[in-house]
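J.:
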DNA sequence: AATCATGTCAACCGCAGTGCG
DNA sequence: CCGCACTGCGGTTGACATGAT
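Residue numbers (full-length UniProt numbering): 1 to 275.
#1: Check the C-beta distance from residue 116 over to residue 75 and give it rounded, since I have them as a contact under 8 Å.
#2: Per DSSP, which one or two residues make a beta bridge with residue 7?
#3: Please report the distance separating the alpha-carbon of residue 43 from that of residue 5.
#4: Which residue comes first and which comes last in the alpha helix (DSSP H) that contains residue 73?
#5: Just the C-alpha distance for residue 10 and residue 126, rounded to the nearest angstrom, thanks.
#6: In the structure shown, what three-state DSSP assignment does residue 41 receive?
#7: Select from 88, 47, 110, 62 the residue whose C-alpha is nearest the C-alpha of residue 26.
#8: Is residue 29 helix, strand or coil by DSSP?
#9: Taking the C-alpha atoms as reference points, what is the distance between residue 35 and residue 128?
#10: Rounded C-beta distance between residue 33 and residue 41? I'm assuming under 8 Å.
#11: Return helix, strand or coil for residue 121, following the three-state DSSP convention.
#12: Looking at the secondary structure, which residues open and close the alpha helix (DSSP H) in which residue 53 lies?
#13: Could you say which of 103, 91, 83 lies nearest to residue 124 if we only look at CA atoms?
#14: Check the C-beta distance from residue 89 over to residue 114 and give it rounded, since I have them as a contact under 8 Å.
#15: Would you grab the beta carbon distance between residue 37 and residue 54 for me? Rounded to a whole angstrom, and I think it's under 8 Å.
#16: Take residue 56 and list the residues in its own chain whose beta-carbon comes closer than 6 Å to its own, dropping the five residues that flank it on each side.
#17: Counting only the same chain and skipping the five closest in sequence on each side, list residues whose C-beta sits under 6 Å from that of residue 64.
#18: Cα separation between residue 39 and residue 78?
#19: In whole angstroms, what separates the C-alpha of residue 95 from that of residue 81?
#20: Just list the residues that DSSP pairs residue 128 with in beta bridges.
#21: Please list the terminal residues of the continuous alpha helix (DSSP H) segment that includes residue 92.
#22: Which one of 71, 46, 59 has the shortest CA to CA distance from residue 14?
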């Protein structure tokens with residue numbers, strides 16, 4: 001299997017690797033170790049691009065790679081990890097024993113995703129699929145778009161186009177809405193999906209968030225209101241730009257200047273704490 | 001037996017993140 | 001701070017394999 005070989009405009013060979021090429025690549029890496037991928041092909045006597053060599057090594061030639069059929073245990077692990085990490089295949093691969101991200105991704109797309117759908121589970125949210133659900137986008141002003149009615153796609157998750165961190169994520173027990181493609185938005189979506197799929201642990205989750213909030217909000221009226229709001233919204237979490245920063249113990253004076261990376265880091269800490 | 005649909009998997013492409021000068 | 005080069009990641013493609021009709 002594989003693709004036919006051809007040469008691109010720069011004379012680089014593309015497509016399926018031959019046994020001879022594999023041998024050259026392995027021999028070179030065994031002798032010199034991994035170094036600069038860009039210059040490696042020339043030094044190894046290969047008419048390939050550095051990217052192609054890297055991919056071949058990581059996904060095929062690297063020692064210890066497990067190939068072939070996935071065991072039921074592995075499949076279960078992938079599904080569980082996907083529920084938490086989403087399509088972060090590299091992160092999922094790190095949790096699996098010697099499986100490549102490409103392998104996991106292929107197996108998910110060709111098999112597991114369809115199997116979940118067939119069983120009435122939305123493969124994106126890992127929630128039961130409910131048909132004919134429609135939601136209206138909140139925070140339309142901050143999103144810079146007119147009110148948007150967003151319907152479930154055939155895959156059972158929401159997709160619309162408002163931009164901006166402010167309209168990050170809203171989640172109900174019935175559905176899932178993702179409006180921003182940013183890494184933080186996706187991460188929080190995963191967090192929200194994880195929370196939704198673990199309703200019985202909601203108290204624990206709230207405690208973690210509230211504990212963190214108390215440290216900055218006990219003298220803050222708005223914080224008290226938010227505490228009450230959380231209590232009222234067991235099943236409906238809305239994350240916006242400001243709230244995300246507030247939850248992460250970021251000083252209000254620094255809302256506008258705190259790098260998203262810091263927020264992302266904090267989100268990861270919470271995820272680690274939860275799962 | 002032939003054709004079509006679906007599954008599998010290797011590889012490519014484009015983009016984002018990171019490091020360095 | 002900026003631009004460039006490089007790396008790594010996720011989405012997608014393409015070709016073969018297999019199963020269904």
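No residue lacks a Cβ here, since even glycine has one placed at the ideal position from N, Cα and C.
As the structure is a computational prediction, the values presented were derived from the model and not from experiment.
T.: The relevant details are as follows:
#1: Working through the first chain from its first residue, we reach residue 116 at position 116. Working through the first chain from its first residue, we reach residue 75 at position 75. Incorrect: roughly 11 Å between the Cβ atoms, too far for contact.
#2: To locate residue 7, count along the first chain from 1; it is residue 7. DSSP, once it has assigned bridges, lists 13 as partnering residue 7.
#3: Here residue 43 corresponds to residue number 43 of the first chain, with the count starting at 1. Here residue 5 corresponds to residue number 5 of the first chain, with the count starting at 1. Whole-angstrom Cα-Cα distance: 21 Å.
#4: Start at 1 with the first residue of the first chain, and residue 73 comes out as number 73. Counting along the chain, the alpha helix (DSSP H) containing residue 73 begins and ends at 72 to 85.
#5: Counting from one through the first chain, the residue named residue 10 turns up at place 10. Counting from one through the first chain, the residue named residue 126 turns up at place 126. Roughly 45 Å separates the two Cα atoms.
#6: The residue you call residue 41 lines up with position 41 of the first chain. In this structure, residue 41 counts as helix in the three-state DSSP scheme.
#7: Here residue 26 is taken as the residue at index 26 of the first chain, counted from 1. Ranking the options by Cα distance to residue 26, first place goes to 62.
#8: The residue given as residue 29 occupies position 29 in the first chain. Reduced to three states, the DSSP call for residue 29 is helix.
#9: The count along the first chain starts at 1 and reaches residue 35 at position 35. The count along the first chain starts at 1 and reaches residue 128 at position 128. One C-alpha to the other measures close to 47 Å.
#10: Reading the first chain from its first residue, position 33 is the one you call residue 33. Reading the first chain from its first residue, position 41 is the one you call residue 41. With a Cβ gap of about 15 Å, residue 33 and residue 41 do not count as contacting.
#11: On the first chain, position 121 is the one that residue 121 refers to. Here residue 121 sits in strand by DSSP.
#12: Residue numbering aside, residue 53 sits at position 53 when the first chain is read from its first letter. Unbroken alpha helix (DSSP H) run through residue 53: 50 to 56.
#13: What you label residue 124 is simply residue 124 of the first chain in a count that begins at 1. It is 83.
#14: Here residue 89 refers to the residue found at position 89 when the first chain is read from its first residue. Here residue 114 refers to the residue found at position 114 when the first chain is read from its first residue. Rounded, the Cβ-Cβ distance is 17 Å, inconsistent with contact.
#15: On the first chain, position 37 is the one that residue 37 refers to. On the first chain, position 54 is the one that residue 54 refers to. That belief holds up - the Cβ atoms of residue 37 and residue 54 are roughly 5 Å apart, short of 8 Å.
#16: For the purposes of this step, residue 56 is identified with residue 56 of the first chain, where counting begins at 1. Taken in chain order, the residues that qualify are 17.
#17: Looking up residue 64 in the first chain gives position 64. Correct list, in chain order: 98.
#18: Here residue 39 is taken as the residue at index 39 of the first chain, counted from 1. Here residue 78 is taken as the residue at index 78 of the first chain, counted from 1. Going by the C-alpha atoms only, they are around 35 Å apart.
#19: Counting from one through the first chain, the residue named residue 95 turns up at place 95. Counting from one through the first chain, the residue named residue 81 turns up at place 81. Those two C-alpha atoms are separated by around 8 Å.
#20: For this step, residue 128 is matched to residue 128 along the first chain. For residue 128, which the question treats as bridged, DSSP gives the partners 121.
#21: Counted from its first residue, the first chain places residue 92 at position 92. Start and end: 89 to 95.
#22: The residue given as residue 14 occupies position 14 in the first chain. It is 46 whose Cα lies nearest to the Cα of residue 14.
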